[in-house]
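Inspection log for the structure reproduced underneath, given as structure tokens.
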Amino acid sequence: MKAYIFPGQGSQFPGMAKDLYTNFPLAKQIIDEADAILGFSLSAVMFEGTEEELKQTKVTQPAIYLHSILIAKLGKDFAPSMVAGHSLGEFSALVAAGGLSWQDGLRLVYQRALAMQKACEIEPSTMAAVLGLPDATIEEICKAYGPSVVAANFNCPGQVVISGSVEGIEAVGVQLKEAGAKRVLPLPVGGAFHSPYMEPARVELAAAIEATEIVKPICPIFQNVNAKPSQDPAEIKANLISQLTGAVRWTQSVEAMVAAGATEFIECGPGKVLQGLVRKIHAEAVVSSIELA
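Residues 3 to 295, numbered by the working numbering, are exactly what the sequence shown covers, in order.
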């Protein structure tokens with residue numbers, strides 16, 4: 003059974019999707035329409051922008067989303083038994099599985115990016131990657147500190163991202179090192195994604211998601227907040243809304259997909275980040291990038 007997986011923020015690179023635009027008429031058509039929907043030339047930043055320009059949340063999220071859905075649409079024999087996406091990749095996954103139109107997906111992703119950017123500006127906050135500690139130990143230490151620091155991304159065994167106030171991340175970082183963490187690395191992000199600090203963004207996005215038509219996808223989507231499969235539009239909407247302040251349970255999602263029969267994981271989008279994570283979660287997994295038709 004094939005599981006198609008879609009990356010999140012961090013997979014962007016200068017020149018992304020330029021080759022698709024040049025070589026595939028469908029890609030050119032979709033990218034031109036995307037620029038018109040957004041009201042600015044996202045493609046110009048994707049094709050010619052610097053790494054710094056691509057790092058802006060309002061650019062990064064729609065750029066990765068667009069690249070990912072293009073790869074899925076142009077992919078050879080795209081026939082998923084199940085799909086999943088890491089953070090913003092969940093929107094790409096839902097579109098690829100036919101649960102959401104790509105145009106509505108783009109509008110939601112852009113709105114999500116702007117809302118997250120606004121939330122970051124309300125109160126300084128940040129994230130850090132914790133390497134070499136069990137998930138449960140990290141969660142315990144975060145809980146003991148209080149609500150201003152949470153475990154936000156369970157990427158693979160031994161790699162968890164924490165999210166919260168600047169002071170809280172520093173204090174918890176010291177405790178995690180004392181508990182045996184190999185490294186605690188501050189991340190160059192604008193704020194505390196997937197934490198209570200994103201509540202203003204969650205409220206803003208909730209209204210947009212509720213107003214958007216989501217239909218039953220062709221296969222189950224394993225969602226970040228609970229690592230469970232769903233094909234129920236109401237449930238999918240609720241989980242997409244909760245995702246902004248909830249943790250990305252990627253380790254648990256991959257484990258659940260394996261338990262559901264996934265034998266091959268195919269990454270759709272820029273880069274190979276998720277392939278590396280899947281290998282660390284399930285060493286026997288067959289992983290690859292999607293082949294273009």
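The beta-carbon is built from N, C-alpha and C at its ideal position, and this holds for glycine as well.
| Assigned secondary structure, Q177 (DSSP; H/G/I helix, E/B strand, else coil) | The residue labelled residue 177 in the question sits at position 175 within the sequence shown. Three-state DSSP puts Q177 in a helix.
| task | Would you mind sorting V176 into buried or exposed? The rule is 16 or more other CB atoms within 10 Å of its CB. | result | Position 174 of the sequence shown, counted from the first residue, corresponds to residue 176. Classification for V176: exposed.
| Range covered by the beta strand (DSSP E) that runs through I164 | Taking the sequence shown and counting its residues from 1, one reaches residue 164 at position 162. It spans 161 to 167 - the beta strand (DSSP E) in which I164 sits, taken as one unbroken run.
| task | Measure the Cβ-Cβ separation of M118 and S165 and say whether it is below 8 Å. | result | The residue labelled residue 118 in the question sits at position 116 within the sequence shown. The residue labelled residue 165 in the question sits at position 163 within the sequence shown. Contact flag unset, no.
| task | With distances taken Cα to Cα, identify the nearest neighbour of C221 among S244, A65, M259. | result | The sequence position of residue 221 within the sequence shown is 219, counting from 1. Taking only the C-alpha atoms, the option nearest C221 is M259.
| said: Which residues does DSSP list as the beta-bridge partners of N155? | reply: Taking the sequence shown and counting its residues from 1, the one referred to as residue 155 is at position 153. Beta-bridge pairing by DSSP links N155 to V163, V250.
| said: Does S127 come out as helix, strand or coil in the three-state DSSP assignment? | reply: Within the sequence shown, numbered from 1, the residue matching residue 127 stands at position 125. The three-state reading of DSSP puts S127 in strand, counting E and B together.
| query | Whose C-alpha, out of L133, F42, I33, A146, is nearest the C-alpha of N304? | reply | Any property of residue 304 remains undetermined from this structure, which presents the chain solely from 3 to 295.
| task | Report all residues from its chain with a CB closer than 8 Å to the CB of A213; omit the five preceding and five following residues, and keep chain order. | result | Position 211 of the sequence shown, counted from the start, is the residue given in the question as residue 213. Leaving aside the five residues that flank A213 on each side, none in its chain has a CB nearer than 8 Å to its CB.
| query | In angstroms, rounded to a whole number, what distance separates the CA positions of I243 and V111? | reply | On the sequence shown, position 241 is the one that residue 243 refers to. On the sequence shown, position 109 is the one that residue 111 refers to. A straight-line Cα-Cα distance of about 12 Å links I243 and V111.
| query | Whose C-alpha, out of E286, F15, Q31, is nearest the C-alpha of E54? | reply | If you number the sequence shown from 1, residue 54 lands on position 52. The shortest Cα separation from E54 among E286, F15, Q31 belongs to F15.
| Cβ-based neighbour list, L68, same chain, cut-off 8 Å, excluding 5 preceding and 5 following | Translated into positions along the sequence shown, residue 68 becomes position 66. Cβ neighbours of L68 beyond the five flanking positions: A19, I32, I33, A36, L44, M48, L108.
| request: Under the assumption that I223 contacts V97 (Cβ atoms under 8 Å), give the Cβ distance between them as a whole number of angstroms. | output: Position 221 of the sequence shown holds residue 223. Position 95 of the sequence shown holds residue 97. Not confirmed; about 10 Å, so no contact.
| query | Under a three-way DSSP split, which group does A86 fall into? | reply | If you number the sequence shown from 1, residue 86 lands on position 84. Of the three classes helix, strand and coil, the one that applies to A86 here is strand, per DSSP.
| field | For E266, the nearest candidate out of V163, Q277, W252 (CA to CA) | value | Within the sequence shown, residue 266 is the residue found at index 264, counting from 1. Of the candidates V163, Q277, W252, the one whose C-alpha sits nearest the C-alpha of E266 is Q277.
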